[in-house]
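Since the structure comes first, as structure tokens, the remarks are kept for the end.
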Ligand SMILES: Nc1ncnc2c1ncn2[C@@H]1O[C@H](COP(=O)(O)OP(=O)(O)OP(=O)(O)O)[C@@H](O)[C@H]1O
Ligand SMILES: [Mg+2]
């Protein structure tokens, strides 16, 4: 389970997160939705131990990232698909990841198969990958240790329609097997189709959370989202 508790983060004069609390239960896909600059990446970076909160906490399985004994098995992260060394092949990236986690080489082949980077594609340097291929590799890297929680920042960016369809199926399967999945997007339709819970933020503040049905309440989810984000922009939310 992933939990954000009264999380705030201030960068000099910017309140990137302002008292945000929500949980991502095991066995669910939670969509983290908000316009550009809402604070989604900031929250995910704090959860992955890459940034310190100004106040509040972000925990996985009850602990902050830095206190996890086996972080690679507890939480998989994809925060920036372009973060891999461009000179390494996809297979090399996964092999290094597997070695760091003490996993057998066979896991690398399994993951390459899972994300559709088999054969020649896995042997090409990442610098020559399309954005969609880098996302697939990043998702594979996050899944190496079969983690119990997964955080993916804008994983659908660059994926073609088949890729998006594939990712939805993968995330649903992971949730069915008990994983707590948090994925961010600024695109409502993308999230709506896969998430069983939705958390909306705007200007660093939690705007709404619940199932898509709860949030829509008779209106389209898009209307709710646009109204709430507009209110947040006016400082009313
Ligand atoms: N390292 C930083 N230094 C200063 N300000 C930052 C830093 N990181 C983020 N911010 C600011 O915090 C706010 C939230 O940014 P964040 O990247 O979390 O948004 P986001 O919801 O991920 O947006 P997007 O959909 O564009 O990815 C923005 O106003 C951003 O400018
Ligand atoms: Mg972001």
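Residue numbers (UniProt numbering): 1 to 237. Don't be surprised by glycine CBs; every beta carbon is placed ideally from N, CA and C. From a predicted model like this one, the values you see are computed outputs, not experimental measurements.
Could you tell me which residues DSSP pairs with residue 5 in its beta bridges?
Locating residue 5 in the chain shown gives position 5, where the first residue counts as 1. The partner list for residue 5 (beta bridge, DSSP) reads 57.
For residue 95, which beta-bridge partners are listed by DSSP?
Residue mapping note: residue 95 aligns to position 95 of the chain shown, counting from 1. Checking the DSSP bridge columns, you'll see residue 95 has no partner listed.
Residues in its own chain within less than 6 Å of residue 38 by CB, not counting five upstream and five downstream?
Start at 1 with the first residue of the chain shown, and residue 38 comes out as number 38. 201 and 202, listed in sequence order.
What is the rounded straight-line gap between the Cα of residue 103 and the Cα of residue 78?
Here residue 103 refers to the residue found at position 103 when the chain shown is read from its first residue. Here residue 78 refers to the residue found at position 78 when the chain shown is read from its first residue. Residue 78 has its alpha-carbon roughly 19 Å from the corresponding atom of residue 103.
Please state if the CB of residue 175 and the CB of residue 27 are separated by a distance shorter than 8 Å.
Position 27 of the chain shown holds residue 27. Position 175 of the chain shown holds residue 175. Less than 8 Å separates the beta-carbon of residue 27 from that of residue 175.
Residue 9: buried (16+ other C-beta within 10 angstroms of its C-beta) or exposed?
By one-based count along the chain shown, residue 9 stands at place 9. By the neighbour-count criterion, in which 16 or more other beta carbons inside 10 Å mark a residue as buried, residue 9 falls on the buried side.
What distance in whole Å lies between the Cβ atoms of residue 93 and residue 165, which are believed to be in contact at a cut-off of 8 Å?
Within the chain shown, the letter at position 165 stands for residue 165. Within the chain shown, the letter at position 93 stands for residue 93. Approximately 24 Å separates the beta-carbon atoms of residue 165 and residue 93; this is outside 8 Å, ruling out the contact.
Suppose the cutoff is 7 Å on Cβ atoms and the five residues either side in sequence are ignored; what does the same chain contact list for residue 225 look like?
For the purposes of this step, residue 225 is identified with residue 225 of the chain shown, where counting begins at 1. Contacts found: 33, 188 and 200.
By how many angstroms is the C-alpha of residue 76 removed from the C-alpha of residue 154?
Locating residue 154 in the chain shown gives position 154, counting from the first residue. Locating residue 76 in the chain shown gives position 76, counting from the first residue. Taken atom to atom, the span from the alpha-carbon of residue 154 to that of residue 76 is near 14 Å.
Along the chain, which unbroken stretches of the beta strand (DSSP E) at least 3 residues long are found entirely within the segment 122-209?
The segment 122-209 contains these whole beta strand (DSSP E) runs: 149-153, 180-185 and 197-202.
Nearest to residue 69 (by Cα), restricted to the options 101, 218, 46 and 235:
Position 69 of the chain shown, counted from the first residue, corresponds to residue 69. Of the candidates 101, 218, 46 and 235, the one whose C-alpha sits nearest the C-alpha of residue 69 is 101.
Integer Cβ distance of residue 180 from residue 2, believed to fall under 8 Å:
On the chain shown, position 180 is the one that residue 180 refers to. On the chain shown, position 2 is the one that residue 2 refers to. The beta-carbon separation of residue 180 and residue 2, rounded to 5 Å, stays under the 8 Å limit for a contact.
Test item: CB-CB of residue 149 and residue 74 under 8 Å
On the chain shown, position 149 is the one that residue 149 refers to. On the chain shown, position 74 is the one that residue 74 refers to. In this structure, residue 74 lies closer than 8 Å to residue 149 by Cβ.
Can you look up residue 13 in the DSSP assignment and give me helix, strand or coil?
Your numbering for residue 13 matches position 13 in the chain shown. Here residue 13 sits in coil by DSSP.
Sorted by chain position, which residues of the same chain lie with C-beta nearer than 8 Å to residue 36's C-beta, five sequence neighbours on each side aside?
Here residue 36 refers to the residue found at position 36 when the chain shown is read from its first residue. Cβ within range, chain order: 186.
If the criterion is Cβ atoms closer than 8 Å, does the pair residue 172 and residue 29 meet it?
What you label residue 172 is simply residue 172 of the chain shown in a count that begins at 1. What you label residue 29 is simply residue 29 of the chain shown in a count that begins at 1. At the C-beta level, residue 172 and residue 29 come within 8 Å of one another.
Count the C-beta pairs between the segment 114-131 and the segment 82-97 that are closer than 8 Å, then say yes if the count reaches three, no if not.
Taking one beta carbon from each stretch, the segment 114-131 and the segment 82-97 have 3 or more pairs nearer than 8 Å; the two touch.
Beta-carbon proximity check, residue 64 vs residue 57, cutoff 8 Å
On the chain shown, residue 64 is found 64 positions in, with the first residue counted as 1. On the chain shown, residue 57 is found 57 positions in, with the first residue counted as 1. Yes, Cβ-Cβ distance for residue 64 and residue 57 is below 8 Å.
Would you mind working out which of 16, 161, 208 and 86 sits nearest residue 138, comparing C-alpha positions?
Along the chain shown, read from residue 1 onward, the residue named residue 138 stands at position 138. Minimum Cα distance to residue 138 is reached at 86.
Please indicate yes or no: does the CB of residue 120 lie closer than 7 Å to some heavy atom of ligand 1?
As a working note, residue 120 is residue 120 in the chain shown. Residue 120 Cβ: outside cutoff for every heavy atom of ligand 1.
Helix, strand or coil for residue 20 per DSSP?
Looking up residue 20 in the chain shown gives position 20. Here residue 20 sits in strand by DSSP.
Just jot down, in chain order, the residues whose CB lies closer than 6 Å to any heavy atom of ligand 1.
Screening all residues for a C-beta within a distance smaller than 6 Å of any heavy atom in ligand 1 leaves 11, 14, 16, 34, 36, 37, 38, 39, 40, 41, 42 and 186, in chain order.
Among residues of its own chain, excluding the 5 on either side of residue 124, which ones have a beta-carbon nearer than 8 Å to its beta-carbon?
Within the chain shown, residue 124 is the residue found at index 124, counting from 1. These residues qualify, in order along the chain: 89 and 90.
When you measure from the CB of residue 196 to every non-hydrogen atom of ligand 2, does any distance come out below 7 Å?
Within the chain shown, the letter at position 196 stands for residue 196. With a threshold of 7 Å, the Cβ atom of residue 196 does not count as near ligand 2, since no heavy atom of the ligand is closer than that.
So is the beta-carbon of residue 67 under 7 Å away from any non-hydrogen atom of ligand 2?
As a first step, residue 67 must be located in the chain shown, where it is residue number 67. Distances taken from the Cβ of residue 67 to the heavy atoms of ligand 2 include none shorter than 7 Å.
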